[in-house]
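Novice: Residue 19 in full-length UniProt numbering sits at position 19 of the sequence shown, with consecutive numbering throughout.
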Amino acid sequence: MASADEETKERVARKGGEARAQDPESLAEAGRKGGEAVVEKYGPEHMAEIGRKGGESVSQDTEHMAEIGAKGGQASDGGREGGGSERGFAAMSEEERKRIASKGGQK
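#1: Assign K9 to one of three DSSP states: helix, strand, or coil.
#2: Taking just the CA atoms, how far does T8 sit from T62?
#3: Provide the residue span of the alpha helix (DSSP H) that contains M47, from first to last.
#4: Does the Cβ of residue 122 have 16 or more other Cβ atoms within 10 Å, making it buried, or fewer, making it exposed?
#5: Return the CA-CA distance between A70 and A90, expressed in angstroms with no decimal places.
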């Protein structure tokens, strides 16, 4: 395969990727193993930092956070309809959402 041209290498790689995509359990297993390898190499503190940064990043999208909060409120209201106030993240100030999100990954 090392002597194959780039087009052949790409075609073979694409077929391998397509075959693997047909097996969701295989993809989940690959993801799990990858996560374990990262923890072994960099440690749990590294993963906590990734979680914190991810939380901060997501919290910057206030529309998305409000949507999440609204869905959470809908799920917890027992199916009630009608007015009502926003709940969860949707009811919080942007500053409060950022404060909470910045704790992502911390114990």
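For every residue, glycine included, the Cβ atom is placed at its ideal position computed from N, Cα and C.
Specialist: Let me spell this out:
#1: In the sequence shown, residue 9 corresponds to position 9, counting from 1. Looking at K9 - three-state DSSP - the assignment turns out to be helix.
#2: As a working note, residue 62 is residue 62 in the sequence shown. As a working note, residue 8 is residue 8 in the sequence shown. Approximately 46 Å, taken between the alpha carbons.
#3: Reading the sequence shown from its first residue, position 47 is the one you call residue 47. Run containing M47: P44 to S59, per the alpha helix (DSSP H) assignment.
#4: One cannot answer for residue 122 here, as it falls past the ends of the chain, which runs 1 to 107.
#5: For this step, residue 70 is matched to residue 70 along the sequence shown. For this step, residue 90 is matched to residue 90 along the sequence shown. Distance between the alpha carbons of A70 and A90 is about 6 Å.
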